[in-house]
Structures are given as C-alpha cells and as structure tokens.
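Novice:
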Ligand SMILES: [Mg+2]
Ligand SMILES: [Mg+2]
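Protein chains in written order, with this note's numbering: chain A, 6 to 177; chain B, 6 to 177.
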C-alpha cells in the first residue's frame with residue numbers, strides 16, 4: 006500500500022469515529038474534451054493533469070485547521086528536499102500565518118519509519134538550501150525535530166496522536 | 006461570471022493580501038486510461054466524474070477552519086433544498102462537530118442577492134423536510150437567519166466580513 010493509501014485509510018477511520026475530518030484533495034485536471042452521451046455518464050475524452058496549488062491534505066480536528074503533504078523516500082539516511090515543491094512550501098507558509106497546524110508527513114520506505122515534521126522545521130531546511138545548505142534533511146535531525154509515528158491497527162497510522170503532541174508544543 | 010468564479014476571484018484576493026487561505030477543491034475524476042507519450046505531458050484519454058465526498062471549499066482564517074459550499078438559484082422567493090446533497094450535509098455536520106466554522110453560500114441569481122447561511126440553520130431546514138417540512142428555504146427566512154453580502158470591488162464578494170459576524174455570533 007502506498008503512503009497515500011495508508012493515510013486515506015487512517016482518515017476514514019478518524020472520520021468514522023468522529024475523531025477528525027481530513028480528506029485528500031483530488032488531483033486537479035484540465036478538461037479539454039468531454040462527451041455527454043444520452044442516458045449515460047459524461048465521459049472525459051481528453052484532459053491533462055494540472056499542478057496543484059496546495060498540499061494534498063487538509064481538514065479540521067478539535068477546532069484546529071490541519072494541513073500537510075505526505076512524501077516517501079527510498080533514501081536511508083536523509084530526506085531529499087526535492088520531494089517538495091515551492092508552491093507546497095508557499096501554501097504551508099500561508100496556512101501557518103493564518104494559524105493552521107501544518108506539517109510534512111515523511112516516510113522512509115526501507116525501514117517503514119514515519120515522522121510528522123512541523124512546518125516551521127521544514128521551512129528552516131528549505132530556506133537554508135539557497136544559502137549553501139544541504140539538499141536533504143538528515144534522518145537524525147528528523148528524529149530530533151519531528152514526531153515519530155508507529156504503525157498499528159485501526160487506524161493504521163495513528164498520526165493524530167503526533168498532532169496532539171505538535172499542538173501541545175506549539176502552544177496554540 | 007459564475008458564483009464559483011466570483012468566489013475563486015475573491016479567494017485569490019484574500020490569499021494575495023494574507024487575509025485568508027481558502028481554495029476550491031478540484032472535481033474528483035476516476036481515471037481509466039492515461040497515455041504517457043515520450044517527451045510530452047500525460048494525456049488522460051478516458052475518465053469519469055466522481056461524486057465529491059466533501060463540499061467545494063475549505064481553508065483557514067485567523068486560526069478557524071472554514072468549510073462551505075456555494076449554490077445559486079433562479080428562484081425568486083425561496084432557495085430549493087434539492088441544490089444540496091446528503092453527502093454535503095453530512096460532511097458539514099462532521100466539520101461542525103470538530104469545531105469548524107461552516108456555512109452555505111447562497112445566491113439568488115435574478116437579484117444578485119448573496120447570503121452566508123450558517124450550517125446550523127441549513128441543518129434545521131434540511132431535517133424538517135423529512136417530517137413534512139418545506140422543500141425550500143423562504144428568502145425571508147434566509148434574510149433573517151443569514152448574513153447578507155454585497156458585491157464590491159476587491160474582493161468582489163467580501164464574504165470574510167460575514168464570516169467575522171458569524172464567528173462572533175457563534176461565540177467560538
Ligand atoms: Mg503528496
Ligand atoms: Mg457547489
């Protein structure tokens with residue numbers, strides 16, 4: 006299962022149990038040609054993927070606005086920043102400015118290690134790149150700056166527990 | 006310009022001026038056939054529209070999670086409830102339960118009258134339908150229960166002013 010599917014499954018659990026309402030946003034497409042046959046569903050015959058203007062996930066939990074993107078890497082000792090796009094960082098910055106609880110969901114695929122990295126920490130690594138900083142975030146820094154999440158059953162990824170710790174540490 | 010375009014334009018203004026971060030969610034599509042030609046963008050050759058599981062708009066404003074759908078009618082004296090779908094109402098209920106600030110954005114096209122109707126009021130009309138209630142919300146009730154919004158320039162629809170009043174009245 007991809008990280009996205011794992012998160013979607015966890016979100017379905019949280020929704021069904023009235024714990025949080027978090028949804029993945031659909032991928033935006035530019036429609037070019039759509040057929041409307043009589044007596045059956047519209048068929049999209051030509052369309053293109055558009056670049057999203059936001060992150061993949063957002064929603065509401067205990068009155069907090071949550072916003073995040075999820076990324077996986079095959080790397081073992083660091084998380085490459087090229088997994089993020091400028092527009093995602095800009096979107097997260099705008100949400101943080103409005104008081105949202107924002108983070109990145111990082112997975113090291115080889116070891117199945119999962120972390121929730123606060124947006125503020127992500128911004129620091131992102132901005133350092135331009136001033137000669139590293140192009141990736143060392144795993145040991147993620148272990149220190151982030152909140153590790155352990156797979157379990159129902160939900161598969163209990164990331165709301167890490168969100169609780171983040172909210173507490175943010176003091177919001 | 007459609008109501009959706011008008012709201013999108015207003016959201017672009019709010020985003021550019023660091024006032025609020027509200028986006029329309031893309032329409033979900035079920036991909037069936039996608040071509041990946043060499044050296045050019047992927048082309049979607051067959052796809053179908055899926056029913057969204059949420060409302061169209063959400064985002065963050067002053068730490069509040071906002072969630073709403075926008076609807077227009079050609080009716081003159083009432084707003085038909087058939088413009089709403091069960092899954093949208095259920096989604097709004099779940100968001101309200103999590104402390105979100107939720108509403109419907111209603112437009113009477115003939116008169117260009119715009120209202121923000123709090124979700125709690127919408128639920129009341131929705132639920133009454135099943136027990137022999139009206140199938141539409143009278144304009145005079147919307148005038149009383151909702152917040153009227155007047156078109157202006159920049160933003161075209163200054164709905165965040167109405168959100169401020171709603172937040173104040175909700176006492177959250
Ligand atoms: Mg992603
Ligand atoms: Mg709509």
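All C-beta atoms, glycine included, are put in the ideal place defined by N, C-alpha and C.
Since we're looking at a predicted model, the values are computed, not measured.
In chain order, what residues of the same chain lie with their CB nearer than 8 Å to the CB of residue 125 of chain A, ignoring the 5 residues before and after it?
Specialist: The answer, listed in chain order, is 101.
Novice: So, for residue 165 of chain A: in the same chain, excluding its five sequence neighbours on each side, which residues have a beta-carbon less than 7 Å away from its beta-carbon?
Specialist: Counting only Cβ-Cβ distances below 7 Å, and skipping sequence neighbours, we find 19, 24, 25, 66.
Novice: Just by C-beta distance, which residues in the region 44-56 of chain A are closer than 9 Å to chain B?
Specialist: For the region 44-56 of chain A, which is checked against every Cβ of chain B, the residues closer than 9 Å are 46, 47, 48, 49, 50, 51, 52, 53, 54, 55.
Novice: Kindly give me the distance between the Cβ atoms of residue 184 of chain B and residue 141 of chain B, rounded to whole angstroms, as I take these residues to be in contact under 8 Å.
Specialist: This structure does not reach residue 184 of chain B, given that chain B is present from 6 up to 177, and the question cannot be answered.
Novice: Can you tell me the Cα-Cα spacing of residue 35 of chain A and residue 54 of chain A, whole angstroms?
Specialist: C-alpha separation (whole angstroms): 6 Å.
Novice: Out of B:147, B:113, B:73, state which residue places its alpha-carbon closest to the alpha-carbon of residue 13 of chain B.
Specialist: Considering only alpha carbons, the answer is B:73.
Novice: Helix, strand or coil: which one does DSSP assign to residue 24 of chain B?
Specialist: Coil, per DSSP.
Novice: So with Cβ pairs under 8 Å, would you call residue 127 of chain B a contact of chain A?
Specialist: No, residue 127 of chain B does not count as interfacial toward chain A.
Novice: I want to see whether chain B comes within less than 8 Å of residue 28 of chain A, judged by CB atoms only; does it?
Specialist: Yes - at least one Cβ of chain B is within 8 Å of the one on residue 28 of chain A.
Novice: Do residue 122 of chain A and residue 154 of chain A have their C-beta atoms closer together than 8 Å?
Specialist: Contact: no.
Novice: Label residue 11 of chain B either buried or exposed according to how many other C-beta atoms from any shown protein chain fall within 10 Å of its C-beta, with 16 as the threshold for buried.
Specialist: Label assigned to residue 11 of chain B: buried.
Novice: Give, in chain order, every unbroken run of the alpha helix (DSSP H) that is at least 4 residues long and sits entirely within the region 85-160 of chain B.
Specialist: The qualifying runs are 91-102, 124-135, 144-150.
Novice: For a cutoff of 8 Å on Cβ pairs, would you count residue 67 of chain A as touching chain B?
Specialist: Yes, contact with chain B.
Novice: Which residues mark the beginning and the end of the alpha helix (DSSP H) in which residue 165 of chain B is found?
Specialist: From DSSP, the alpha helix (DSSP H) with residue 165 of chain B extends over 164-175.
Novice: Restricting to Cα atoms, I'd like to know which of A:89, A:171, A:161, A:82 is closest to residue 61 of chain A.
Specialist: For the residues A:89, A:171, A:161, A:82, the minimum Cα distance to residue 61 of chain A belongs to A:89.
Novice: So which residues of chain B does residue 230 of chain A contact, with C-beta pairs closer than 7 Å?
Specialist: In the structure as shown, chain A begins at 6 and stops at 177. Residue 230 of chain A is therefore absent and cannot be evaluated.
Novice: Mind checking the region 64-90 of chain A against chain B and listing, in chain order, the residues whose C-beta falls within less than 9 Å of any C-beta there?
Specialist: Listed in sequence order: 64, 65, 66, 67, 68, 69, 70, 71, 72.
Novice: Please go through the same chain and pick out, in chain order, the residues whose beta-carbon is closer than 7 Å to the beta-carbon of residue 64 of chain A, but skip the five residues on each side of it.
Specialist: 25, 26, 27, 28, 71.
Novice: Please report the residue range of the beta strand (DSSP E) in which residue 39 of chain A lies.
Specialist: Element bounds for residue 39 of chain A: 34-40.
Novice: Any C-beta of chain B sitting closer than 8 Å to the C-beta of residue 171 of chain A?
Specialist: No, because no Cβ of chain B sits closer than 8 Å to the Cβ of residue 171 of chain A.
Novice: Under 8 Å, Cβ to Cβ, is there at least one residue of chain B near residue 178 of chain A?
Specialist: Any answer about residue 178 of chain A is impossible in this case: the structure gives chain A only from 6 up to 177.
Novice: Considering only the beta carbon of each residue, do residue 68 of chain A and residue 103 of chain B sit closer than 8 Å?
Specialist: Yes.
Novice: By alpha-carbon positions, which one of B:128, B:176, B:171 ends up nearest to residue 93 of chain B?
Specialist: If we check each option's Cα against that of residue 93 of chain B, B:128 comes out closest.
Novice: Going by alpha carbons, who is nearest to residue 78 of chain B out of B:50, B:120, B:170, B:135?
Specialist: That would be B:120, whose Cα lies nearest to the Cα of residue 78 of chain B.
Novice: How many Å lie between residue 169 of chain B and residue 98 of chain A at the Cα?
Specialist: When rounded, the distance between both Cα atoms is 23 Å.
Novice: If I'm right that residue 175 of chain B touches residue 108 of chain B with Cβ under 8 Å, what's the distance once you round it to whole angstroms?
Specialist: Contact doesn't hold; Cβ gap of about 10 Å is too wide.
Novice: Applying a beta-carbon distance threshold of less than 8 Å, which residues of chain B neighbour residue 25 of chain A?
Specialist: Ordered by position in chain B, the residues that pass the 8 Å Cβ test against residue 25 of chain A are 103.
Novice: Using 8 Å as the threshold, is the C-beta distance between residue 75 of chain B and residue 113 of chain B below it?
Specialist: No, they are not a contact pair.
Novice: Along the beta strand (DSSP E) that carries residue 75 of chain A, what are the first and last residues, could you check?
Specialist: Start and end: 69-78.
Novice: Between the Cα of residue 115 of chain A and those of A:160, A:83, A:32, spot the shortest distance and give me the residue it belongs to.
Specialist: With distances taken between Cα atoms, residue 115 of chain A lies closest to A:83.
Novice: Output, in chain order, the set of chain A residues within a Cβ distance shorter than 9 Å of residue 34 of chain B.
Specialist: Chain A residues near residue 34 of chain B: 31, 32, 34, 36, 49, 52.
Novice: For a cutoff of 8 Å on Cβ pairs, would you count residue 17 of chain B as touching chain A?
Specialist: It does not; no Cβ of chain A falls within 8 Å.
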